[in-house]
Amino acid sequence: MDIKVDHISKAYGEQQVLQDLSCVFPEGKTTCIRGRSGCGKTTLIRLLLRLDVPDKGKIEGVSDRKLSAVFQEDRLCENLSAASNIRLVCTETITDRELEEAYKAVALTEVWQKPVRELSGGMRRRVSILRALLAESDCVIMDEPLRGLDEKTRAKTIDYILKKTEGKTLIFVTHEEKEAVWLKADRTVDILTKH
1 MDIKVDHISK AYGEQQVLQD LSCVFPEGKT TCIRGRSGCG KTTLIRLLLR
51 LDVPDKGKIE GVSDRKLSAV FQEDRLCENL SAASNIRLVC TETITDRELE
101 EAYKAVALTE VWQKPVRELS GGMRRRVSIL RALLAESDCV IMDEPLRGLD
151 EKTRAKTIDY ILKKTEGKTL IFVTHEEKEA VWLKADRTVD ILTKH
């Protein structure tokens, strides 16, 4: 089932963030959300994840879905290892071998047992990405997933994202047009103006 955003508006106090936005996120496809800083991309993500509600309009197609997410800020348990953070959301059916392959795919093999608080920003980002990709979900939503990754690591991470989201709905936010190309977006939603 497609996810349909129907004439939503959202304000925080006097600040109108989204106004009368409509778009569709097709089932099993990759959609890129683009726009300038402050235009409402992250607000749209929060609404899709049901962490907030629109002031007007409605969103259909998310209530019965299994969603996983990568947020702009890495929401990890600082005292737990990378492996433990990932295991928090993984099904019991995921094997140690699958986890090892995942660590290798995004260059985390040397640090997966370290507490997250000891990891660099780029490593933490990759832990967040793995956690979202390995969770049992049919829709993965990512807010600037490649932020802070060097070129080589970014390429490996993109390959893994594409592998793990094949056949799933992938929604990701970026302000870089090239990321839409790298992640093979089927369509793009441009949030053009700041309201």
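Here the sequence shown is numbered in full-length UniProt numbering, starting from 1 and rising by one per residue.
Glycine included, every Cβ here is placed at the ideal spot set by N, Cα and C.
Residue from the options with nearest C-alpha to residue i
i      : options                          : result
Arg126 : Thr153, Leu192 and Leu49         : Thr153
Leu18  : Val181, Met1 and Lys58           : Lys58
Arg117 : Glu92, Arg147, Glu78 and Asp143  : Glu78
Ile45  : Asp186, Lys164 and Glu144        : Glu144
Glu14  : Gly28, Asp55 and Arg36           : Asp55
Thr165 : His175, Leu183, Val173 and Thr93 : Leu183
Val173 : Val62, Ala185 and Ser120         : Ala185
Gln72  : Ser120, Ser22 and Leu146         : Leu146
Leu108 : Leu21, Cys90 and Ser128          : Ser128
Arg75  : Leu130, Gly35, Cys32 and Ile158  : Leu130
Leu49  : Ala135, Tyr12, Arg36 and Val70   : Val70
Leu47  : Glu27, Glu60 and Lys114          : Glu60
Gly38  : Ser22, Ile161, Tyr12 and Ile158  : Tyr12
Thr95  : Leu134, Val53 and Leu21          : Leu134
Lys163 : Ser22, Arg36 and Ala102          : Ala102
Ala132 : Pro115, Glu151 and Lys168        : Lys168
Lys114 : Ile158, Ala82 and Leu51          : Ala82
His175 : Glu27, Gln16, Cys23 and Gly35    : Gly35
Those residues which DSSP pairs with residue i across a bridge
i      : result
Gln72  : BP columns for Gln72 are empty, so no partner.
Thr34  : The question names Thr, but residue 34 in the sequence shown is Arg. According to DSSP, Arg34 bridges with Thr174 and Asp190.
Leu18  : Lys10
Ile161 : According to DSSP, which records beta bridges pairwise, Ile161 is partnered with nothing at all.
Lys4   : Val24 and Glu60
Asp143 : Val173
Ala135 : Cys90
Whole-Å CB distance - residue i paired with residue j, under 8 Å assumed
i      : j      : result
Gly40  : Ile191 : 5 Å
Lys156 : Ala105 : 6 Å
Thr43  : Lys4   : No, Thr43 and Lys4 are not in contact; Cβ-Cβ is about 17 Å, not under 8 Å.
Gly122 : Leu149 : 5 Å
Phe25  : Asp2   : 6 Å
Leu119 : Val111 : 6 Å
Thr31  : Val189 : 6 Å
Leu21  : Ile8   : 5 Å
is_contact[residue i, chain D] using C-beta, thresh 8 Å
i      : result
Trp112 : Of the protein chains in the structure, only one exists, and it is not chain D.
Distance cut-off 7 Å: residue i Cβ against heavy atoms of the ligand COA
i      : result
Val189 : Absence of the ligand COA from the depicted structure is noted, as is the absence of any ligand whatsoever, leaving it without description.
> Are three or more beta carbon pairs between the stretch 73 to 87 and the stretch 171 to 187 nearer than 8 Å?
Replying inline: Cβ pair count under 8 Å is below three, so no.
>> With three or more beta-carbon pairs closer than 8 Å as the criterion, would you say the stretch 131 to 148 touches the stretch 59 to 68?
In response: yes
> Along the chain, which unbroken stretches of the beta strand (DSSP E) at least 3 residues long are found entirely within the stretch 52 to 121?
Replying inline: 56 to 60 and 67 to 70
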